[in-house]
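Chemist: What follows is a structure written as structure tokens; I'll ask about it next.
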Amino acid sequence: MAQELADWSELQYDLLVLIARRLNLIEDYLNFGTVCKSWHSVPTKNNFNNNLSRVPWLMLAEEDENSIQKFFSHYNGMILNKRIPKTSRKRCMESMGWLIMVGRGGATAIEGWSADQPSPEN
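Residue numbers (this note's numbering): 866 to 987.
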């Protein structure tokens, strides 16, 4: 008798949220929504578990004058390209969850900047 395989795309939304909230690596969380169409709406700011300890990402120096910032994962060596509006031609640094941007017009700080940004670009 042939064994039927489970259809993972039919898991209930609440169960998917519970699974997503247990993911420790941000790259796993961001990729969670790419598994299938029904999982796409799960990785949102509200479903992200900020209480888990995570290995921090290092923001790399700018190579171009655009709003794409590069981040390096110490955990797996991955480089993440992330569009962060209004960072072109500014020096950017992160401190305790704040993104600090310094340019000719002065300095700007954004609290909790990573949670409000769109998914990384590949």
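Cβ coordinates follow ideal geometry from the N, Cα and C atoms, glycine included.
Rounded to a whole number of angstroms, what is the C-alpha to C-alpha distance between Asn916 and Pro950?
Modeler: Here residue 916 is taken as the residue at index 51 of the sequence shown, counted from 1. Here residue 950 is taken as the residue at index 85 of the sequence shown, counted from 1. As the crow flies, the alpha-carbon of Asn916 is around 26 angstroms from that of Pro950.
Chemist: Pull up the CB-CB distance for Ser938 and Ser953, whole angstroms please, since I reckon it's below 8 angstroms.
Modeler: Sequence index remark: in the sequence shown, residue 938 carries index 73 (1-based). Sequence index remark: in the sequence shown, residue 953 carries index 88 (1-based). About 24 angstroms separates the two Cβ atoms, so there is no contact after all.
Chemist: Could you check if Val920 is buried or exposed, using at least 16 other CB atoms within 10 Å of its CB as the buried criterion?
Modeler: Residue 920 sits at position 55 when you count from the first residue of the sequence shown. Val920 comes out exposed.
Chemist: Could you tell me the boundaries of the alpha helix (DSSP H) in which Leu880 lies?
Modeler: Taking the sequence shown and counting its residues from 1, the one referred to as residue 880 is at position 15. Note, Leu880: alpha helix (DSSP H), 878–885.
Chemist: Quick one: grab the DSSP three-state call for Ser874.
Modeler: The residue given as residue 874 occupies position 9 in the sequence shown. Three-state result, Ser874: helix.
Chemist: Can you have a look at Leu870 and say buried or exposed, based on whether 16 or more other CB atoms are within 10 angstroms of its CB?
Modeler: Taking the first residue of the sequence shown as position 1, residue 870 is located at position 5. Looking at its Cβ environment, which holds fewer than 16 other Cβ atoms inside 10 Å, Leu870 is exposed.
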